[in-house]
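Residue numbers (this note's numbering): 15 to 368. Cβ coordinates follow ideal geometry from the N, Cα and C atoms, glycine included. Here the structure is a predicted model, which means the values were calculated and not measured. For reference, the structure discussed in these notes is given below.
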């Protein structure tokens with residue numbers, strides 16, 4: 015009885031967990047056209063498999079009851095039906111039909127969701143009609159370049175809702191995979207070729223999620239693979255345009271305090287060789303070897319995974335290898351507490367919008 019109690023508890027616990035999921039990070043709560051279509055395929059395949067299981071169980075139970083050995087009929091041989099053309103045709107045609115039911119919509123959706131033919135469509139003035147974002151994955155951070163807008167960001171992806179957004183994806187070191195669970199399935203980022211696809215963020219679903227979604231790396235890429243996250247802010251087109259203008263006009267603010275001024279001086283002597291604080295994408299990708307820190311003051315996470323607090327910023331600067339093992343930012347244990355305070359205050363002042 016103890017074992018059965020344990021098994022029952024585990025079953026109930028598993029069933030409860032299947033209902034868990036946040037709207038900003040759940041494939042079972044689709045928040046866009048692509049995710050919705052993929053979810054419908056999931057429902058179709060689950061339905062077909064469930065039907066097969068139910069039919070097999072019913073046949074098994076019928077056979078078990080009808081053809082069980084009865085008292086007094088131990089030597090009775092049931093009617094033998096081997097070589098029945100009718101049965102052979104039935105159990106050949108039915109699997110073919112089931113495969114077609116699964117294969118036809120799956121293949122059709124694969125081609126539809128992979129269609130990026132309108133990515134470079136231009137209007138009469140020669141301007142691209144659709145938003146295109148170049149995604150570059152690195153150990154263990156993400157860069158998002160908006161080539162037509164002339165800006166680049168890191169870790170925070172900002173997108174408009176209710177329109178197709180085309181992504182060009184590549185990796186700078188090893189294979190990664192770009193995945194926003196609530197918006198669409200993953201796609202690999204490779205070092206030797208560029209992959210492209212599109213996503214759509216549903217405006218109503220985005221409002222329900224607080225306009226925030228989270229993305230992840232879905233390809234095992236190293237010891238900090240599990241910490242390679244990024245934030246997605248999905249907003250109406252007008253708000254997105256305001257953000258673009260703010261980023262295009264972003265200028266590094268002058269420090270307002272002596273502590274922030276000290277932090278700027280430390281940053282320019284120690285960090286500027288890897289990190290840029292300009293939103294312009296004037297530098298080639300090869301020169302962008304660390305996350306761009308423009309608008310760092312408006313982030314909600316540190317290193318993509320920690321709550322945005324001054325203490326976590328200091329901890330990340332001082333011990334990046336402890337937080338994300340294997341990342342390429344060297345531990346800066348030579349900074350004093352005063353210098354860490356100054357650096358954190360300076361970084362938190364970098365804002366494109368208040």
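Applying the criterion that 16 or more other CB atoms from any shown protein chain within 10 Å of the CB defines a buried residue, is residue 87 buried or exposed?
By 1-based counting over the chain shown, the position of residue 87 is 73. It counts as exposed.
Could you check which residue in 338, 355, 48, 130 has the C-alpha nearest to that of residue 236?
Translated into the one-based positions of the chain shown, residue 236 becomes position 222. The option with the nearest alpha carbon to residue 236 is 338.
Using DSSP with H/G/I as helix, E/B as strand and the rest coil, what is residue 273?
Stepping through the chain shown from its first residue, residue 273 is reached at position 259. Helix at residue 273.
Could you please give me the residues that DSSP links to residue 178 through a beta bridge?
Residue 178 sits at position 164 when you count from the first residue of the chain shown. In DSSP, residue 178 forms a bridge with 214.
Restricting to Cα atoms, I'd like to know which of 139, 62, 22, 98 is closest to residue 114.
Translated into positions along the chain shown, residue 114 becomes position 100. Checked all of 139, 62, 22, 98; the closest Cα to residue 114 is 62.
Answer with buried or exposed for residue 76, where buried requires no fewer than 16 other C-beta atoms within 10 angstroms of its C-beta.
Here residue 76 refers to the residue found at position 62 of the chain shown. The residue in question, residue 76, is exposed, as its Cβ has fewer than 16 Cβ neighbours within 10 Å.
Just mark residue 90 as buried or exposed, buried being the case when its beta carbon has 16 or more other beta carbons within 10 Å.
Translated into positions along the chain shown, residue 90 becomes position 76. Classification of residue 90: exposed, given that the 10 Å Cβ count is below 16.
By a C-beta neighbour count over all protein chains shown, 10 Å radius and 16 as the cutoff for buried, is residue 297 buried or exposed?
As a working note, residue 297 is residue 283 in the chain shown. It is exposed - the Cβ of residue 297 has fewer than 16 other Cβ atoms within 10 Å.
Here's the rule: buried if 16 or more other CB atoms are within 10 angstroms of the residue's CB, otherwise exposed. What is residue 107?
Along the chain shown, one-based indexing puts residue 107 at 93. Residue 107 comes out exposed.
Roughly how many angstroms separate the alpha carbons of residue 322 and residue 203, rounded to a whole number?
As a working note, residue 322 is residue 308 in the chain shown. As a working note, residue 203 is residue 189 in the chain shown. Those two C-alpha atoms are separated by around 28 angstroms.
Go through its chain and collect everything with a Cβ distance to residue 288's Cβ below 6 angstroms, but skip five positions before and after it.
Position 274 of the chain shown, counting from 1, holds the residue named residue 288. Only 303, 304 meet the Cβ criterion.
Answer with buried or exposed for residue 270, where buried requires no fewer than 16 other C-beta atoms within 10 angstroms of its C-beta.
Residue 270 sits at position 256 when you count from the first residue of the chain shown. It counts as exposed.
CB of residue 356 within 7 angstroms of CB of residue 324, strictly
As a working note, residue 356 is residue 342 in the chain shown. As a working note, residue 324 is residue 310 in the chain shown. Not closer than 7 angstroms, so no.
Just checking residue 317 against the ligand HEM - is the residue's beta carbon closer than 6 angstroms to any of the ligand's heavy atoms?
Annotation note on the ligand HEM: not contained in the displayed structure, which lists no ligands.
Buried versus exposed call for residue 155 [16 or more other C-beta atoms within 10 Å across all chains shown]:
Mapped onto the chain shown, residue 155 falls at position 141. The residue in question, residue 155, is buried, as its Cβ has 16 or more Cβ neighbours within 10 Å.
Inspect the beta-carbon positions of residue 162 and residue 142 and report whether they are closer than 7 angstroms.
Counted from its first residue, the chain shown places residue 162 at position 148. Counted from its first residue, the chain shown places residue 142 at position 128. It is a contact, given that the beta carbons lie within the stated cut-off.
Looking at the strands, I want to know which residues DSSP matches up with residue 150.
Translated into the one-based positions of the chain shown, residue 150 becomes position 136. DSSP output for residue 150 lists 157, 184 as bridge partner(s).
Can you list, in chain order, the stretches of the alpha helix (DSSP H) that have 4 or more residues and sit fully within the stretch 39–117?
47–80
Would you mind reading off the limits of the alpha helix (DSSP H) that contains residue 243?
Residue mapping note: residue 243 aligns to position 229 of the chain shown, counting from 1. Looking at the DSSP string, residue 243 is not in any alpha helix (DSSP H); the run it does join, the beta strand (DSSP E), is 243–249.
Taking the Cβ atom as the reference point for each residue, do residue 340 and residue 238 lie within a distance shorter than 7 angstroms?
Position 326 of the chain shown holds residue 340. Position 224 of the chain shown holds residue 238. Cβ distance < 7 angstroms, so residue 340 and residue 238 count as in contact.
Mind checking residue 190: buried by the 16 CB within 10 Å criterion, or exposed?
Here the question's residue 190 lines up with position 176 in the chain shown. Residue 190 should be labelled buried.
Assign residue 334 to one of three DSSP states: helix, strand, or coil.
Along the chain shown, one-based indexing puts residue 334 at 320. Correct three-state label for residue 334: helix.
For residue 253, the three-state DSSP class (helix, strand or coil):
Counting from 1 along the chain shown, the entry for residue 253 is found at position 239. Residue 253: helix per DSSP, three-state reduction.
Residues of its chain near residue 353, where Cβ-Cβ distance is below 7 angstroms and the 5 sequence neighbours each way are ignored:
As a working mapping, residue 353 is identified with position 339 in the chain shown. Cβ within range, chain order: 280.
Answer yes or no: do residue 212 and residue 180 have a C-beta to C-beta separation smaller than 7 angstroms?
What you label residue 212 is simply residue 198 of the chain shown in a count that begins at 1. What you label residue 180 is simply residue 166 of the chain shown in a count that begins at 1. Yes, these two residues count as a Cβ contact at 7 angstroms.
Nearest-angstrom beta carbon gap, residue 274 and residue 292 [assumed within contact, 8 angstroms]:
Residue 292 sits at position 278 when you count from the first residue of the chain shown. Residue 274 sits at position 260 when you count from the first residue of the chain shown. Not a contact, Cβ separation roughly 18 angstroms.
One question on the structure: do residue 366 and residue 272 come within less than 7 angstroms of each other, judged by their Cβ atoms?
Sequence index remark: in the chain shown, residue 366 carries index 352 (1-based). Sequence index remark: in the chain shown, residue 272 carries index 258 (1-based). Cβ distance not < 7 angstroms, so residue 366 and residue 272 don't count as in contact.
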